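Undergrad: Please find one structure pasted underneath; my questions will follow.
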Amino acid sequence: MNKLIISLLCLMTLGVFSSQAGTELAVSGEGITLESFKGSVKASWDELETKEETSASVEGSKTVTDDGISETYTGVITYTIAADGEGSLSFESDDKFWTSNVFMMFCAVLVFIMHLGFCCLEVGFSRAKNSVNIIFKNFTIVAIATLIYGAIGFNIMYPGDFSIGSFFGFAGPGLGGTAGEMGMTYSDGYTYWTDFLFQAMFAAATASIVSGAVCERIKINSFLIFCTIFAGVIYPIIGSWGWGGGFLGDWGFHDLAGSGLVHATGGAGALAGAIVLGPRIGKYVNGKTFAIMGHNMPIAAIGAFLLWFGWFGFNGGSQLNGDPMGTSGIMVMTLLASTAGVVAAMILSWILSGKPDLSMVLNGALAGLVGITAGADVVSPLYAVIIGAVAGLLVVVAVIALDKLKIDDPVGAVPVHLVCGSWGVVATGIFGTAEGCTVLGQIKSILCIVVFAFVCAFIIFTIIKVTIGLRVSEEEELEGLDLGEHGMEAYSGFQIFTNQ
Amino acid sequence: MNKLIISLLCLMTLGVFSSQAGTELAVSGEGITLESFKGSVKASWDELETKEETSASVEGSKTVTDDGISETYTGVITYTIAADGEGSLSFESDDKFWTSNVFMMFCAVLVFIMHLGFCCLEVGFSRAKNSVNIIFKNFTIVAIATLIYGAIGFNIMYPGDFSIGSFFGFAGPGLGGTAGEMGMTYSDGYTYWTDFLFQAMFAAATASIVSGAVCERIKINSFLIFCTIFAGVIYPIIGSWGWGGGFLGDWGFHDLAGSGLVHATGGAGALAGAIVLGPRIGKYVNGKTFAIMGHNMPIAAIGAFLLWFGWFGFNGGSQLNGDPMGTSGIMVMTLLASTAGVVAAMILSWILSGKPDLSMVLNGALAGLVGITAGADVVSPLYAVIIGAVAGLLVVVAVIALDKLKIDDPVGAVPVHLVCGSWGVVATGIFGTAEGCTVLGQIKSILCIVVFAFVCAFIIFTIIKVTIGLRVSEEEELEGLDLGEHGMEAYSGFQIFTNQ
Amino acid sequence: MNKLIISLLCLMTLGVFSSQAGTELAVSGEGITLESFKGSVKASWDELETKEETSASVEGSKTVTDDGISETYTGVITYTIAADGEGSLSFESDDKFWTSNVFMMFCAVLVFIMHLGFCCLEVGFSRAKNSVNIIFKNFTIVAIATLIYGAIGFNIMYPGDFSIGSFFGFAGPGLGGTAGEMGMTYSDGYTYWTDFLFQAMFAAATASIVSGAVCERIKINSFLIFCTIFAGVIYPIIGSWGWGGGFLGDWGFHDLAGSGLVHATGGAGALAGAIVLGPRIGKYVNGKTFAIMGHNMPIAAIGAFLLWFGWFGFNGGSQLNGDPMGTSGIMVMTLLASTAGVVAAMILSWILSGKPDLSMVLNGALAGLVGITAGADVVSPLYAVIIGAVAGLLVVVAVIALDKLKIDDPVGAVPVHLVCGSWGVVATGIFGTAEGCTVLGQIKSILCIVVFAFVCAFIIFTIIKVTIGLRVSEEEELEGLDLGEHGMEAYSGFQIFTNQ
Amino acid sequence: MKLIVAYIQPQKLNAVKQALYSKEISRMSITNALGAGQQGGYTENYRGVEIEVNLRKKVRIEIAVNDSFVDSTVETIIEAARSGKIGDGKIFIYPIEECIRIRTGEKGTDAIGG
Amino acid sequence: MKLIVAYIQPQKLNAVKQALYSKEISRMSITNALGAGQQGGYTENYRGVEIEVNLRKKVRIEIAVNDSFVDSTVETIIEAARSGKIGDGKIFIYPIEECIRIRTGEKGTDAIGG
Amino acid sequence: MKLIVAYIQPQKLNAVKQALYSKEISRMSITNALGAGQQGGYTENYRGVEIEVNLRKKVRIEIAVNDSFVDSTVETIIEAARSGKIGDGKIFIYPIEECIRIRTGEKGTDAIGG
Ligand SMILES: Nc1ncnc2c1ncn2[C@@H]1O[C@H](COP(=O)(O)OP(=O)(O)O)[C@@H](O)[C@H]1O
Ligand SMILES: Nc1ncnc2c1ncn2[C@@H]1O[C@H](COP(=O)(O)OP(=O)(O)O)[C@@H](O)[C@H]1O
Ligand SMILES: Nc1ncnc2c1ncn2[C@@H]1O[C@H](COP(=O)(O)OP(=O)(O)O)[C@@H](O)[C@H]1O
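Just so you know, the protein sequences line up as chains A, B, C, D, E and F, in that order. Counting from 643, one number per residue, gives the positions in the first sequence under my numbering. Counting from 643, one number per residue, gives the positions in the second sequence under my numbering. Counting from 643, one number per residue, gives the positions in the third sequence under my numbering. Counting from 177, one number per residue, gives the positions in the fourth sequence under my numbering. Counting from 177, one number per residue, gives the positions in the fifth sequence under my numbering. Counting from 177, one number per residue, gives the positions in the sixth sequence under my numbering.
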C-alpha cells in the first residue's frame, strides 16, 4: 500500500516585473494534506460563480514511500469539480513538460536564426550599395519587434477576453504574471517565457517579410516606425483572430504555424509597401522591365538555407509540445513540401527561360515552406508534396506577374509570402484533415487576414509618406542607401560597379 | 492497492499516404480491460506461425488511481509469450521516448544545415565564375535526394527482408505505414517520421560529397541525373548492407554514423566522377600542377564551421536515442577527433609548405570528423585523438598524392571522405571496443563498400558521358558555368578577374 | 502491494582513457536485493571517516510488478545515512536527466557555433588582406583550446580540492573517470562528457575574444602560443575561483554564464594584447584617429547574428539543467537585454554621428548579451532591459574612449567583453535577487578577475614579444598577413584596393 | 585616330551607352575608377570615427575612334552624361598612333571601327 | 617610347604573360575592363527577366616600351592572344612623352626597360 | 596639357594624395592595377601546390595637368611615393589633345584645372 503525501511548492521565485493582476491559488507551502488541499481549492472555488465541471491546477510534488524507498515526483495537481459537486484530484508528472519545453525553446532559437536568413537573402538579392542598410534593417527589426511585442503585442494577440467582438482585445501592457501560473499550469508543453520567446520571434518574422519588398529605397527611420506599428499592433490583432481565440475559429480556421497569420500578413504588408513606395529607379523604364541583379549569390544561398533550417523550428514548434508523432510528422511534411517547391520552381523556370534560375529555386524552397506552414500537421506526404509543388509553380508565375503589374519587389516577398501563404491556407482546407476546417472557411479567413493587413499597412505607409516621407531622394538611391542613410560601405576596399 | 485500467488508444491519426500493407493489432479503443487485451493479443498471436518467445507491442495508456488521486501514463504495452506458452505484460513509459525523439529531430536538423556547409565550402574553394552553379547543385541536391530517397531509397535501405541474398531488398515504393506502427512501437527512440527525416539527410549528404569533386566542369543536368540515381539507389543498397540488416553484419561491421557507408561511399563516387570528367582546364599543364585558388575563404570557413556544427547531430543522432552517457560520449569523441585533425593538418602543412595552409586546416577538421564517424561510440578520448590526428595527416598527404595522380578534386572530397572514411572504418576495428568488430572484418567491409560505390558511380558517369554528355564545353568552362548553365552571375557588380 | 526488485547495472562501459583514480561503489550486478544493497553501501560507508548525514548514489533500475504488468524504471538510488545512523533509500527516475542532458548538449553545440560568429565578426570588421589569417586563428583556436583544456584546463577549473588556498588546484591531467561516476550520479542534469563539452566551448570562447583585439598585426605562431596558455591555464584558474568552488564564492559572487569569468577575462586579455602590440599602422597618425573600415559587412552581420544565436545556448545551458521556468526565463531575459542593447546603441550612435552606425548596432547586441550573462537567472524583464540598454550605451562610449586612449581594438573586444562584462557582474549585484550576492562582493570579485587576467596576459604577451616576437614586420602588415603568414589570398580574383 | 576617355557618374553609364549605340558607336572599354575633382568628398563614419572620403566612384569609358567621329562621340557623351550638377565628369582626348585587331591583324582606321 | 594597350580575353592573360616573358618583356600593368566590341553580348536571366549584357569581361594590358620593342611586343601579344574567334581583342599604340622611375629618378629609355 | 600616369605601391596612395592636395593638385583618377616590374613576384601556396605570383597589386593614378604643372606634380609624387625599395613604381607622361568638362562644356586649360 502506498502512502501519499502531497506537498505543494511554489516553484517559481523569479522576481519578474509584472503589470498584470492574477488570481493565485491559495494553496501552497509544505506539509499540506490531500484533504486540506481539496478543502482550500474547493473554498476558493465556491467564491467563483461557475462551479459546474471546472477545475484548478497547481504545481506540486508527490512523494511515494514504499518498502523503505521514497520517490518524489514533480508535476501538476488538478482538482476537478464535477457537475454533481464532487471533487476529484489528478496528478500529471512534468517529465514530458520538460521535454516539450526544451523542444519549444530550441524551436524558438531556430526561428531566431531565420532572421539571419531573411537578412542574407535580402542582402544577396539586392545591390552592394544598399547592403549596410539592409543589414541594419534586419538586425534592428529583431530588437524593435521583440520589445514592442513584449510591451503590448503579446497581450493584444492573447488578450484573454476580447473587448471588441472577437476582433480586438488587450490584456494590458508588459510581460510577466503571477508566479505559479507561468510554469506547468500555463500550458501543456511550455512555460509563459517559452511562449513569449516563440511568439516574439514570429512577430519579428512578420516585419522581416515586409523588409524584403521595400528595400533599396525606403528611409530607415520611416521603415523602423512602420515595423514598430506592424509588429506591435497590426500583426497581433490579426494573430488574435486565429490563435488568440478570435472569430476565425468560428469558421473552423486551421493555420498551424501561420501560412496566413504570419506569412500572408507579412506579404500583404510587403505588397502595400511596394505599391506606396513605387519601383526602384531603373526597374521599369518606358514600359520595359529591367532586371536589377542581386549582388551576392553565396550570401543569398546562406539566407535561403538558414530560412529552411529555421523553418523546422517554425513549424515543428507550432504544435506547442514535443509529441513524437505529431512533431516528427510536421517536420517531414515540411521537408517534403519544400523539396517539391524546389523541384517545381526549377522545372518551370527551366522551361520559361531556357536555363534553370538560381534565384527562382531559392524562392521555390521558401514557397514550399510557406505553403505547408498552415497544414503540416493535417496532411499526408502525398499532399505535402502536392502543396509544395503548386507553391513552387505559383512563386515563379507570381514573380513574373508582379513585374507585369510594375510592382517592384526585390526579393519576392509578395510571391513567396502573400501568394504561397494564401495558397497554404486554402490548401489546408482542400487536403487537410483538420476537424471543422473547410475550403470555404479557409478562403473567408484568408481574405479577412489579407485585406485587413493590406489596408492597415497601406494606411500606415501613406501616413508616413505624407508626413516624414517614405522614400530616399533620387540622388541617394542612385548613390546607394549605405552612404546616404549610414555613411558607410558594406565592402570597403572592393572594387564594385555601381552603375545600375 | 492499485487499480489498473488499461485503455488502448490509437494515437496516430495522421492520414498518411501509405503504399505498404501492415498487420495492425486488433486491440484499440477505450475501456478495454487487461484480460480482454491479453485475450485479443493472444488470439491474433495464435494465427501466426511462430509462437515461441515472441511479443507484440501497442501504444496505450495506463491509469493508476490511488487514494483519490488518479494518474495516467502513456507508453507501450508489450505482451510477450514465452516458450511455455505463458503470456506476460510489460509497460514502458514514453517519457524517454519523447526526449530521444526530440534529440533525434534536432540532430536531423543539424545534419540538414551541413548541406549549407557543403555548399559554402565548395563555393569558397572554387572560382567566382562557377558559384551560381555550385549553389544551384547543392541546393537542389537536398530536394532531389530527399524526394527520391522518400520514393524508393528508404525502402531499399531498410527492406525488411532481402530479396537477393543479404545484398538487395526493396519494401515497395512510397512513405508511410500503418498507424500504430509508426510511433513508439517503431523503435526505441524515434518515430517512423523522425527516422525518415534523419535518413533522408544522410542520403543527401552522400550526393553532396560527390558534388565537390566534379564542380567547375560538370553539366548541371547530367549531375542532377547522377545524384538521383546515386542517392536513390546506390547509396541505399550499400546502406542496407550495414544498417538495413545486410551481409556486413556477418563480419561484425561497426560503423556508427557512416565513415564507410556514407563518407567512403560518397568519396568513392567523387573519385569516379573526377576520373571520368578529367581535370579542369589549366589544372595540369605539361605535366606540371597548377593551383586553382578558391575565391572566397570567408565563405569556405562558414562552410567548414557549419559542417563541424552539423556533425554533432550527424554522429550524436546516430546512436538513435538520447541516452545521456552514450550521446555525450559520442559528442566529445567527435570534438576531440576533429580538433586533433586540425592540429595535425596544421603542423604537417606548416612543415611541408613552410606556411600554415588555411585550406588544409579546414580539411583537417573535416578529416578528423570523417575519421571518428565510424567509432565515436566505441573509443576512448585518447584513441579519438589518435584517430583524428592520423586523419588530419592523411588528408594532407592525400591531397598532394591526388595531384600527383593528376586527379582534380577541387574541394578535396576524395582525401576527406574516401581516404579518411576508410581510415575511420579500419580504425574502429583497431581501437574500438565494439563487440565482434575486428580489423579484418572492417577491412573486408570497407573494400566491399568502396569498390561497389566506385564501380557503380563510374558506370553511371560513363553512361551519361556517352549519351547526353557529362562536361561543359571548353568555352563555357573558361567563361564560367554561371553564365553557361544559368545565365547569371554570382557577384553582379563586383570587379572580378576571371583569367584563370 | 508492490514488489520491488532492485537490480544495479553498470551502465557505462565506454572504455575511456582515465588518468584519475576514483572510489567505485562496491555495489553492482544483477539480482541484488534491497537489503543486500543497503548492507553493502553501509559497509563501505563504515570505512569512511565522516558518517553523519551523508549519502552515496549509484545508477540502477527499479522494477515494479503489479497485477501481472511489470514496469522497469532506470535512475539513481541514493542511500542516505542520517545523524542517528539510520539509513534510508530514495530513487530518482532519470527521465528529467535525459531531457536536461539533451538540453545541455544542444546548448554546447550552440556555443560551438559562436566560434563561427567570432570568426565572421572579426573577418568582417577588418581588412580583406588579413582575412585568411583571421579565419585561421579562429578556426585553430577551437582546436587548440579544446585539446589543452581537455589535457589540463578542465582539471584546473574543477580541481575538487584546492592546493593553494582556494585559489589554485589541479586534479591531474587528462579526461575520463571511473565508470559509474560519470553519468547520472555525476550531476543533476548532465554527464561528465556533456560537462566537458560545454566547458571546453567556453574556454575556446575566452581565447576567441582576445583574437579580435590583436588581429591584423599579430604573428600567427605567437598568437597560438598565447592562446594555449590563456585557455589552458589562466582562464581555468580564474574559472575555478567562481565555478570550481574557489574564494569568490565567499563573497557571494554570482555569475550565471560568465559575464566576469569568461567575458571580462577574455576582454582583459584583449586589452593587454592591444596594449603590448600597439595600434595598427595608420590607425593613429600625428595624434589623429583614422578609421580602418571593415571590409565585409554581410560577413560581420552573419557573425553578430550567430553569436546572438549561440548565446541562447551559452546562457540557457549555464543553468546546468533543463528546468522549464529557469531556462525559459533565462532565454527571455537574454533576448530582452540584447534587444535593448541594440536599440540603445542605435540611438546613441545616431545622436553622436548623425547617422545610425551599423557596426555599433551589431556591437550593441553583443554588449547587451555580455551584460545579461551574469544575471539572466536572477533579474526581471524590466531589469534585463535596463541592463542591456546600459550595456548598449557603454559599448558606444567605450569604443570612442578607447580611441582617445590610442588603444587599437579592431572589433571592439574590450568595450564589448571587458566593459560590458564588468557591468554585467556589477549589475547582477544591483538588480539581481541571487542569495548572498551584494554589489560590493560583485565589485571585489570582478576586480580580482580583471586584474589577474590582465596582468597574466600582459606578462605572457611581453615574454613572447621579447623572445620570439609578437608582431609582424611593417612590410608584412602593409601587404597583409594573408600573404605574409599564409602565402594565400582570401578573395582570389576579386579586385580589391589595399591602400589602407 | 583618337582615344576619348570619359569619366562619368556611375549611374549615367547606361544612358551614355544607349546614346552611343544609337549613334552607332558600339565599341568601348569600361573600367571602374575612383576620382577626385571639383565635386569634393563626403564624410563616412565608422565606429565613432569620421572618415573624409574624397575619392568618389566614377566610371571610365575608353573609346578609340577615327578622327571624324571625335566630335559626335564627345557630344553624345556630354548630352547623356550631363545633369548640370558638379561631378558630372570630364572627357580627355588623346592621340592614337596605331590600332591593331588581334583576330585579323587589320590595322589603323579599319581596325578601330567596324 | 610607346604605350601599348591590349584588350584581350581574360582567359588568354596567362598565355600572353608567358609569351611576353619568354621575349624578356617583363614589365606590364594589368587592369580589369568591360568591353563592347564586335563580339556582341549575351543574355542573362534573373527572376524571369532577360538581361542584355553587351559589356564583356576583358583584360587590359598596358606595356610601355622603347620604340624598338614595339613590333615584337605587338607580335607576341597577337600570337598568344589570338584564337581566331570574334572577341580576340584589340591593341592600341600611344606616344609616351616621358617615363620616370620613382625609386631612382631615372628617366626616359632607361626608366622604361631594365 | 599632359596626362601623368603613376603606378605606385597601394599603401602609398594616401601619402601621395595628401602631398598632391597640399600642392593644390586636387584632381585625379585612381584605378586598381596588377603590375609586373623589376620587383619580381612572390610565392603563394594553396593546397600543397606552389603558385608563382608575378603580378603585384599596384595603384594607378591618372592626373591631367596643364603643362606648367607637370614638373611639380611629378616631383610631388616621387617624393611621397618613394621608399627607396624596388617596387616603388613608375610615372609616365602622355600628351593630351583636348579636355572637356561635361557639366559646363569648358575646354582645354580651363577644363583641366580649377
Ligand atoms: N585633372 C584631372 N585628372 C584626372 N582625372 C580627372 C581630372 N579632372 C577630373 N577628373 C576625373 O573626372 C571626374 C569628374 O570630376 P568632376 O568633379 O566632375 O570634375 P571637375 O572638378 O572638373 O568639375 C573626377 O572624379 C576624376 O575622376
Ligand atoms: N574602338 C574601341 N575603343 C575602345 N575599346 C575597344 C575598341 N574596340 C575594341 N575595344 C576593346 O577591345 C575588346 C575586344 O573587342 P573585339 O570585339 O575583339 O573587337 P572588334 O570588334 O574590333 O573585333 C572590346 O571588348 C573592347 O574592350
Ligand atoms: N614598362 C612598363 N609598362 C607598364 N607598366 C610598367 C612598366 N614598368 C613598370 N610598370 C608598372 O609600374 C609598377 C612598378 O614597377 P617597379 O617594379 O617599381 O618598376 P621597375 O621595375 O621599373 O623598378 C609595375 O608593377 C607596373 O605596374
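From the three backbone atoms N, C-alpha and C, an ideal C-beta is built for every residue, glycine too. No experiment lies behind these values; they were computed from the predicted model shown.
Three Cβ pairs or more, each shorter than 8 Å: is that satisfied between the region 867-874 of chain B and the region 1027-1040 of chain B?
TA: Because the criterion of three Cβ pairs below 8 Å is not met, the region 867-874 of chain B and the region 1027-1040 of chain B do not touch.
Undergrad: Less than 7 Å separating the beta-carbons of L949 (chain C) and M826 (chain C)?
TA: Against a cut-off of 7 Å, the Cβ pair of M826 (chain C) and L949 (chain C) comes out as no contact.
Undergrad: Measuring alpha carbon to alpha carbon, tell me which of B:M973, B:P801 and B:P1052 ends up nearest I860 (chain B).
TA: Among B:M973, B:P801 and B:P1052, the Cα nearest to that of I860 (chain B) is on B:P1052.
Undergrad: Please indicate yes or no: does the CB of R277 (chain E) lie closer than 6 Å to some heavy atom of ligand 3?
TA: Yes, since a heavy atom of ligand 3 falls inside the 6 Å radius drawn around the Cβ of R277 (chain E).
Undergrad: Spell out whether any CB of chain B is found under 7 Å from the CB atom of E274 (chain E).
TA: No, no contact with chain B.
Undergrad: Enumerate in chain order the residues of its own chain whose CB-to-CB distance from V595 (chain A) is below 7 Å, with the five nearest sequence positions on each side excluded.
TA: Residue coverage of chain A in this structure runs from 643 to 1142, which leaves residue 595 (chain A) outside it and unanswerable.
Undergrad: Give the range of the beta strand (DSSP E) segment to which Y832 (chain C) is assigned.
TA: No beta strand (DSSP E) contains Y832 (chain C), which DSSP labels as neither H nor E.
Undergrad: Rounded to the nearest angstrom, what separates K930 (chain C) and K1046 (chain C) at their Cα positions?
TA: Their backbone Cα atoms lie some 9 Å apart in a straight line.
Undergrad: Taking C-beta pairs closer than 7 Å, name the residues in chain C that R769 (chain B) reaches, listed in chain order.
TA: The answer, in chain order, is G1135.
Undergrad: For a test of the three-state rule: what should DSSP assign to V241 (chain E), helix, strand or coil?
TA: Here V241 (chain E) sits in strand by DSSP.
Undergrad: Between which two residues does the alpha helix (DSSP H) harbouring S825 (chain B) extend?
TA: According to the sequence as given, residue 825 (chain B) is Gly; it is not Ser. Run containing G825 (chain B): none; DSSP gives neither H nor E here.
Undergrad: In its own chain, which residues sit with a C-beta less than 6 Å from the C-beta of S808 (chain B), not counting the 5 before and 5 after it?
TA: G888 and F889.
Undergrad: Could you tell me which whole alpha helix (DSSP H) segments of length 4 or greater appear in the region 848-873 of chain B?
TA: Counting whole runs of 4 or more residues, the region 848-873 of chain B contains the alpha helix (DSSP H) stretches 862-871.
Undergrad: Note down, in chain order, all residues in the region 204-224 of chain F with a beta-carbon under 8 Å from any beta-carbon belonging to chain C.
TA: Answer in chain order: N208, Y218, T219, E220, N221 and Y222.
Undergrad: Flag S202 (chain F) as yes if its beta-carbon sits less than 7 Å from any beta-carbon of chain D, otherwise no.
TA: Taking Cβ atoms only, chain D reaches closer than 7 Å to S202 (chain F), which makes this a yes.
Undergrad: Using a Cβ cut-off of 8 Å, which residues of the region 1111-1131 of chain C contact any Cβ in chain B, in chain order?
TA: Against chain B - using a Cβ distance shorter than 8 Å - the residues of the region 1111-1131 of chain C are E1127, H1128, G1129, M1130 and E1131.
Undergrad: For chain A, check one thing: does any of its Cβ atoms lie closer than 7 Å to the Cβ of T1104 (chain C)?
TA: It does not: the Cβ of T1104 (chain C) has no partner Cβ on chain A nearer than 7 Å.
Undergrad: Between the C-alpha atoms of Q841 (chain B) and F796 (chain B), what's the straight-line distance to the nearest angstrom?
TA: The alpha-carbon atoms of Q841 (chain B) and F796 (chain B) are separated by roughly 8 Å.
Undergrad: Out of E:I272, E:A287 and E:K283, which one is the CA nearest neighbour of M177 (chain E)?
TA: Comparing Cα-Cα distances from M177 (chain E) to each of E:I272, E:A287 and E:K283, the minimum goes to E:I272.
Undergrad: How is A979 (chain C) classed by DSSP in three states: helix, strand or coil?
TA: Here A979 (chain C) sits in helix by DSSP.
Undergrad: For Y791 (chain B), which three-state DSSP category applies?
TA: Y791 (chain B) falls in the helix class under three-state DSSP.
Undergrad: Given a threshold of 16 other Cβ atoms within 10 Å of its Cβ, counted over all protein chains shown, does T219 (chain D) qualify as buried or as exposed?
TA: Per the 10 Å Cβ criterion, exposed.
Undergrad: Spell out the partners DSSP gives I879 (chain A) in its beta bridges.
TA: Looking at the DSSP assignment, I879 (chain A) forms no beta bridge with any residue, so it has no partner.
Undergrad: Shorter than 6 Å, the distance from the beta carbon of E238 (chain D) to the closest heavy atom of ligand 2, or not?
TA: Yes, ligand 2 has a heavy atom inside 6 Å of this Cβ.
Undergrad: Measuring CA to CA, which of C:F1139, C:M939, C:G1135 and C:E1131 is closest to F778 (chain C)?
TA: Nearest C-alpha to F778 (chain C): C:E1131.
Undergrad: Quick one: residues in its chain with C-beta nearer than 6 Å to the C-beta of K283 (chain F), no 5 flanking neighbours on either side, listed in chain order?
TA: Closer than 6 Å at the Cβ level, and outside the excluded window around K283 (chain F), lie I276.
Undergrad: Using a Cβ cut-off of 7 Å (strictly closer), state whether R232 (chain D) contacts chain F.
TA: Answer no: the Cβ-Cβ gap between R232 (chain D) and chain F never drops below 7 Å.
Undergrad: In or out: T252 (chain F) buried (at least 16 other Cβ within 10 Å) or exposed?
TA: Result: buried.
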